[in-house]
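Student: Those letters in the sequence shown? Residues 1 to 636, per the UniProt record's numbering, in order. Positions of the beta carbon are idealized from the N, C-alpha and C atoms, including for glycine. These numbers were taken from a predicted model, which means no experiment stands behind them. My structure is below; once you've seen it, I'll send some questions.
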Amino acid sequence: MNRYPVAYRQATEEPEAFWAEQALRVPWYTPPTQILTYDDQQHARWFEDGEFNICYAALDHHVAQGRAEQPAIYWDSPVAQAKCTLSYRELRDQVAHFAGALAGLGVEKGDRVVIYMPMIPEALVAMYACARLGAVHSVVFGGFAAHELATRIEDAAPKVVVAASCGIEVDKIVPYKPIIDQALVQSRHQPDACIIFQREFQRATMGVRDHDWNELVAKAPFAECVPVKGSDPLYILYTSGTTGKPKGVMRDSAGYAVALAYSMQTIYAMNPGEVMFTASDVGWVVGHSYIVYGPLLRGCTSVVYEGKPVNTPDAGSFWRLIEAYRVTSFFTAPTAFRAIKKADPDAKLLEQYDISSLKHLYVAGERLDAPTFHWLDDLLDVPVIDHWWQTETGWPIVANQPGLEEMPIKPGSASLPVPGFNVQVLNREGEPAAPMEQGSVVIKQPLPPGCLIGIWRDPQRFHGAYMAAFPGYYLTGDGGYFDQAGYLFIMGRTDDVINVAGHRLSTGEMEEVVGGHPAVAECAVIGIHDALKGQVPIGLVIPKDDFSGDELALENELLARVRDTIGPIACFKQVLVVNRLPKTRSGKILRKLLRNMADGKTFGIPSTIDDPTSLDEVHALMCERDVGAADKSASI
């Protein structure tokens, strides 16, 4: 008991001593002597002079320490109707030879490689192979459209693009090669080569610079690990920004590994040899941290799942996997359980499976709503742990920490800050908010290891987006409050980034796409509450005065435009054509008021509104089209 407050106090008051101790959790080529340093803008750098390689720490080290024949990953794909197990030795050898193939194409330490793959073992092999060489990988979610892939290729400027020939959805095959070809036509940067892993379901037509994965690997040498400095970048992961231009979150190597190793024990309560199942994708930070790197750094086994929570084949898929692989810790987004609950409200399918191996269930990526929490809490005999973190932090900021000290669970709260994260809530004046008072959730510098070290090729954007609003603090972009016991309650975003099924997407970027249609004069895209996905976007569009076409046809064109530019993952499925948008006299669209209106919440008319009758028109249309929970009985 009381291990948490001791650890939290030490991490806050003596960060160098605390993290020097945690650094002993991973193997080093050269142990660091500089634990904490600062760059020119006073942003933290961890273990800067240490020499390290995360591929060695996660694979080679465990092979040398006696885990060579232990499963490193279980791959299970109901959509491909295939399964396989790779031991630590087998995964290490595949990684080493693919690293040799990359090196044969000229990839060296510091070069970038973009990876565009589904949830197959080769995705992990490619990521680890880059790390093995000291190259920087950037994984792009396989569902993103050509435009999104092009912007990331152009920004990261990779020497090589690695992809699969296709992905497999519930009801269709998605060819990846045409998307890559379109992206490269749109990109000003051109890679030297593309490596294509051919899947039997849809083989790709190869071009001049394309190389077959298997052919390359067959003649590639075994590449050894390349030591890198502790603060050298490991990967770039793009996340939505409020400007519409994706932000390339840059993560270091050693600090990330130390943080993940610490979290695997203290937060996820995992012991070496146990099995962790994280139902996510390698295109998102959750996949990077707790499918690819975290479990293997801890000497655990990771379940890699190519499927959905429902329809592959049914809503019992997760329970099947937990039984089949004797999963100890399971982590997914609340939206997955909302889908399961919708398909199997009484959890009849659970009765078919023995999930007694499960010790903890974790959810994150969006706020865990009370109905979903209680459904899970009533259903399962294990703690249901909500925790909160971001792409930028790389690992949990606030969490119940059963590996350190079990805490009481409060529905609606992610519990207490994790040691290393000095979380505070500030009011508009920048002063600490009182308990129960909402404000901006911030983290006092220095940020702990594992957090972003910058925005790729844009240091000013890094400082401006995260550090400038409250000097000395990192701005999370979320609002919330602490209760009297120090539990943090996150209430939602304070910018225009919305959370669709655990995926952060920019409404600003969607507005750029919608506004680019030649018939659109003005538009607003807002995120509204959705019982299944947490939030979904909806567009409100004012056509140009000379528009004489069919409004329904315009709406369909705009839906297709967003789908083709951003991808189906945006879930952009509703557009309303309106005459006016409610604005302030200065011309600012009242987006928060529109959100409240669509969500059926009470709202007042601000004194700064330019034309109150515009609210009546929009509200009436929302009710007519059954938008969200718009209240037909409400009067404005």
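1) Please report the distance separating the alpha-carbon of valine 282 from that of aspartate 616.
2) Within the continuous beta strand (DSSP E) that includes lysine 83, where are the two ends?
3) Where does isoleucine 196 land, buried or exposed, given buried means 16+ other C-beta within 10 angstroms?
4) Which ranges would you report for the beta strand (DSSP E) in the stretch 370 to 448 if only whole runs of at least 3 residues count?
5) Mark glutamate 69 as exposed unless 16 or more other C-beta atoms lie within 10 angstroms of its C-beta, in which case mark it buried.
6) Could you spell out where the beta strand (DSSP E) holding tyrosine 38 opens and where it closes?
7) Beta-carbon within less than 6 Å of tyrosine 56's beta-carbon, same chain only, minus the 5 sequence neighbours each way: which residues are those?
8) Candidates Asp212, Arg67, Arg367: which alpha carbon is nearest glutamine 194's?
9) Would you tell me roughly how many angstroms separate the C-alpha atoms of isoleucine 180 and arginine 188, rounded to the nearest one?
10) Beta carbon of alanine 521, beta carbon of isoleucine 589: below 8 Å?
11) Pick from Gln34, Ile566, Ser263: whose alpha carbon is nearest that of glycine 420?
12) What residue range is occupied by the uninterrupted beta strand (DSSP E) comprising cysteine 300?
13) Using the rule of at least 16 other Cβ atoms within 10 Å of the residue's Cβ for burial, across every protein chain shown, is isoleucine 168 buried or exposed?
14) Go to threonine 335, then tell me how far its alpha helix (DSSP H) extends in each direction, as first and last residue.
15) Would you list, in sequence order, the uninterrupted beta strand (DSSP E) runs of no fewer than 3 residues that lie entirely inside the stretch 6 to 71?
16) What are the boundary residues of the beta strand (DSSP E) that glutamine 535 is part of?
17) Should the stretch 105 to 112 be called in touch with the stretch 161 to 175, which here means at least 3 C-beta pairs below 8 Å?
18) Below 7 Å CB to CB, which residues in the same chain sit around glutamate 148 once its five sequence neighbours on both sides are set aside?
19) Using only CA atoms, which one of His97, Ala501, Leu426, Ile267 lies nearest to aspartate 530?
20) Would you identify the three-state DSSP class for cysteine 571, choosing helix, strand or coil?
21) If we count Cβ pairs, one from each stretch, closer than 8 Å, do we get three or more for the stretch 308 to 328 versus the stretch 288 to 296?
22) Can the beta-carbon of tyrosine 305 be found less than 8 Å from the beta-carbon of aspartate 76?
23) Label phenylalanine 318 either buried or exposed according to how many other C-beta atoms from any shown protein chain fall within 10 Å of its C-beta, with 16 as the threshold for buried.
24) Using beta-carbon positions only, say whether threonine 312 and valine 79 come within less than 8 Å of one another.
25) Using DSSP with H/G/I as helix, E/B as strand and the rest coil, what is aspartate 171?
26) Does the stretch 6 to 24 come close enough to the stretch 90 to 99 to have 3 or more Cβ pairs within less than 8 Å?
27) In whole angstroms, give me the CA-to-CA distance for alanine 123 and alanine 485.
28) Report the residue from Ile569, Lys342, Ile526, Ala259 whose alpha carbon sits nearest the alpha carbon of valine 26.
29) Could you have a look at residue 637 and say whether DSSP puts it in helix, strand or coil?
30) In the DSSP assignment, find the unbroken alpha helix (DSSP H) run with proline 178 in it and report its ends.
31) If you draw a straight line from the alpha carbon of arginine 461 to that of threonine 494, how long is it in whole angstroms?
32) Please state the DSSP three-state secondary structure of alanine 468.
33) Quick check on the DSSP output: the alpha helix (DSSP H) that includes isoleucine 153 runs from which residue to which?
34) Between the stretch 333 to 351 and the stretch 389 to 397, can you find at least three pairs of beta-carbon atoms closer than 8 Å?
35) Check for me: the beta strand (DSSP E) holding methionine 250 runs from which residue to which?
36) Would you tell me roughly how many angstroms separate the C-alpha atoms of proline 449 and phenylalanine 331, rounded to the nearest one?
Tutor: Looking at the atomic coordinates:
1) If you take the alpha carbons of valine 282 and aspartate 616, they lie about 45 Å apart.
2) Unbroken beta strand (DSSP E) run through lysine 83: 82 to 87.
3) Label assigned to isoleucine 196: buried.
4) Qualifying beta strand (DSSP E) stretches, in chain order: 384 to 388, 422 to 426, 439 to 444.
5) It counts as exposed.
6) Run containing tyrosine 38: 36 to 38, per the beta strand (DSSP E) assignment.
7) The answer, listed in chain order, is Cys225.
8) Sequence check: residue 194 is cysteine here, not glutamine. When the alpha-carbon of cysteine 194 is set against those of Asp212, Arg67, Arg367, the nearest one is in Asp212.
9) Cα-Cα distance, rounded: 14 Å.
10) Remark: C-beta atoms of alanine 521 and isoleucine 589 do not approach each other more closely than 8 Å.
11) Ranked by Cα distance from glycine 420, the first of Gln34, Ile566, Ser263 is Ser263.
12) Note, cysteine 300: premise wrong, no beta strand (DSSP E); not H, not E.
13) Label assigned to isoleucine 168: buried.
14) Counting along the chain, the unbroken alpha helix (DSSP H) around threonine 335 starts and ends at 334 to 343.
15) Entirely contained in the stretch 6 to 71, the beta strand (DSSP E) runs reaching 3 residues are, in chain order, 36 to 38, 44 to 46.
16) Counting along the chain, the beta strand (DSSP E) containing glutamine 535 begins and ends at 534 to 543.
17) Cβ pair count under 8 Å is below three, so no.
18) The answer, listed in chain order, is Ile566, Gly567.
19) The residue among His97, Ala501, Leu426, Ile267 with its C-alpha nearest the C-alpha of aspartate 530 is Ala501.
20) Reduced to three states, the DSSP call for cysteine 571 is coil.
21) Here the stretch 308 to 328 makes no contact with the stretch 288 to 296; the two share fewer than three CB pairs at distances below 8 Å.
22) Yes, the Cβ-Cβ distance between tyrosine 305 and aspartate 76 is below 8 Å.
23) By the 10 Å Cβ count, phenylalanine 318 comes out buried.
24) The beta carbons of threonine 312 and valine 79 sit closer together than 8 Å.
25) If DSSP states are grouped into helix, strand and coil, aspartate 171 belongs with coil.
26) Contact between the stretch 6 to 24 and the stretch 90 to 99 is absent, because fewer than three Cβ pairs lie under 8 Å.
27) Taking the straight line from one Cα to the other gives about 43 Å.
28) For valine 26, the nearest C-alpha among the options comes from Ala259.
29) In the structure displayed, the chain extends from 1 to 636; residue 637 sits before or after that span and is not available.
30) Residue range 177 to 186 is occupied by the alpha helix (DSSP H) that includes proline 178.
31) Spanning the two alpha carbons is a distance of roughly 18 Å.
32) In the three-state scheme derived from DSSP, where H, G and I count as helix and E and B as strand, alanine 468 is classed as coil.
33) Its alpha helix (DSSP H) spans residues 146 to 156.
34) Touching, no, given that fewer than three Cβ pairs across the two stretches are closer than 8 Å.
35) First-last of the beta strand (DSSP E) with methionine 250: 247 to 252.
36) Spanning the two alpha carbons is a distance of roughly 22 Å.
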